[in-house]
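A short worksheet on the structure shown next.
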Ligand SMILES: [Zn+2]
Ligand SMILES: [Zn+2]
């Protein structure tokens, strides 16, 4: 019943264009494999082939048979094929047609399952591994890592819009390394698609290709965090960058969230002698949070002998959507739009087919 409502809600917002089946791709730097010397590659669905890219020329080297191994070598990679060892500064492991799913396995990382083509390349004196994926597969993987399982459908739908928007807003952030976004918390956590379940997939499908934009159709900086502690913060206060979409809002919905409250003990002398580099207020707060590993910026200090007790609320930077507030709202019947409009201001929903990604890259990419 609820998922039917979700569908009709979005259909009302975007009668035709929003439901267009667009296929956009995104390239994700797999930093998870940075420390891996050897990576085993195993086909899960479809068939894959090794392509070597040299001087702009693509050459099919071999098909991926069962499990192959790619090894980091001096200024590139090597793979073992039937005709012997091959070396290249740029390999693409891609489905022979359409989309496919592959598993990458390494000792430091364990195993990860991805949909799309994997690029192994030597660039700027470094090894890089990047996944070229359908945007929707990427968003589903992000939801697994950033939200987890067992939530109401409206949360997945709203969060899919947020994660898609965030990705497009930060698109090109890693341009110099040869990919669009990374798989770490710096962009959005992405550990592949092996544990994507039906509810997550449905949340992505219900909001397929929809993003939050300003009135000119540019994706907004859709920041999110774990728990705001009762009041979200403006981007101006936290990052010294004002945004009309990221203003403080009162939030009672997260009061019972897992990260609503915290307490931390700190040695009094350490606190008294703490001298951050910057006297500037926002930088001071950020450095203090980092130094004492405080979950949030919202706390009171109570003395207790030589030890100080910091009693705080919330978890994360506090800007944009509060995930635990959004979870509670969805559980109590809020629609995806109720959730999105509770945390972001001056927003519109648009389909990615109505955006100019180049414009998004130029204006917002950093
Ligand atoms: Zn990143
Ligand atoms: Zn909150």
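Residue numbers (our numbering): 26 to 391.
Note that the Cβ used here is the ideal one computed from N, Cα and C, for glycine as well.
1) As a quick exercise: from 100, 197, 292 and 287, pick the residue whose alpha carbon is nearest that of residue 321.
2) May I ask which residues mark the beginning and end of the alpha helix (DSSP H) holding residue 235?
3) Is the beta carbon of residue 212 within less than 7 Å of some heavy atom of ligand 1?
4) Does the distance between the C-beta of residue 183 and the nearest non-hydrogen atom of ligand 2 fall short of 7 Å?
5) Measure the C-alpha to C-alpha separation of residue 191 and residue 82 and round it to an integer number of angstroms.
6) Skipping 5 residues on each side, what residues in its chain have a beta carbon closer than 6 Å to that of residue 373?
7) Quick one: does the C-beta of residue 252 sit closer than 7 Å to a heavy atom of ligand 2?
8) Assign residue 46 to one of three DSSP states: helix, strand, or coil.
9) For a test of your reading of the model: does the CB of residue 331 fall under 7 Å from any non-hydrogen atom of ligand 2? Yes or no.
10) Quick check: the Cα distance between residue 113 and residue 216, rounded to an integer number of angstroms?
11) Answer with buried or exposed for residue 140, where buried requires no fewer than 16 other C-beta atoms within 10 angstroms of its C-beta.
12) List the DSSP bridge partners of residue 329.
13) Using only the alpha-carbon positions, how far apart do residue 346 and residue 226 sit?
14) Should residue 357 be counted as a contact of ligand 1 given a C-beta to heavy atom distance under 7 Å?
15) Straight-line CA distance for residue 380 to residue 245?
16) Output the boundary residues of the alpha helix (DSSP H) element that contains residue 348.
17) Shorter than 7 Å, the distance from the beta carbon of residue 203 to the closest heavy atom of ligand 2, or not?
Working from what's here:
1) Your numbering for residue 321 matches position 296 in the chain shown. Comparing alpha-carbon positions, the option among 100, 197, 292 and 287 lying closest to residue 321 turns out to be 287.
2) The count along the chain shown starts at 1 and reaches residue 235 at position 210. Where residue 235 is concerned, there is no enclosing alpha helix (DSSP H), although the beta strand (DSSP E) it sits in stretches over 235-238.
3) Position 187 of the chain shown, counted from the start, is the residue given in the question as residue 212. Yes, ligand 1 has a heavy atom inside 7 Å of this Cβ.
4) Walking along the chain shown from the start, residue 183 turns up at place 158. It does not: the Cβ of residue 183 is nowhere closer than 7 Å to a heavy atom of ligand 2.
5) Here residue 191 is taken as the residue at index 166 of the chain shown, counted from 1. Here residue 82 is taken as the residue at index 57 of the chain shown, counted from 1. Taking the straight line from one Cα to the other gives about 34 Å.
6) The residue you call residue 373 lines up with position 348 of the chain shown. Here the set comprises 238.
7) By one-based count along the chain shown, residue 252 stands at place 227. Result yes, Cβ under 7 Å from ligand 2.
8) Taking the chain shown and counting its residues from 1, the one referred to as residue 46 is at position 21. With a pLDDT of only 39 at residue 46, under the threshold of 50, the placement of this residue in the model should not be trusted; the figure read from the coordinates follows. Coil, per DSSP.
9) The sequence position of residue 331 within the chain shown is 306, counting from 1. Incorrect: residue 331 has no Cβ contact closer than 7 Å to ligand 2.
10) As a working note, residue 113 is residue 88 in the chain shown. As a working note, residue 216 is residue 191 in the chain shown. Cα-Cα distance, rounded: 27 Å.
11) Start at 1 with the first residue of the chain shown, and residue 140 comes out as number 115. That one is buried.
12) For the purposes of this step, residue 329 is taken as residue 304 along the chain shown, with counting starting at 1. Answer is 332, bridged to residue 329.
13) Counted from its first residue, the chain shown places residue 346 at position 321. Counted from its first residue, the chain shown places residue 226 at position 201. Rounded to the nearest angstrom, the two C-alpha atoms are 21 Å apart.
14) Here residue 357 refers to the residue found at position 332 of the chain shown. No, Cβ of residue 357 sits at least 7 Å from all heavy atoms of ligand 1.
15) The count along the chain shown starts at 1 and reaches residue 380 at position 355. The count along the chain shown starts at 1 and reaches residue 245 at position 220. C-alpha separation (whole angstroms): 12 Å.
16) To locate residue 348, count along the chain shown from 1; it is residue 323. Start and end: 348-356.
17) Here residue 203 is taken as the residue at index 178 of the chain shown, counted from 1. No, ligand 2 has no heavy atom inside 7 Å of this Cβ.
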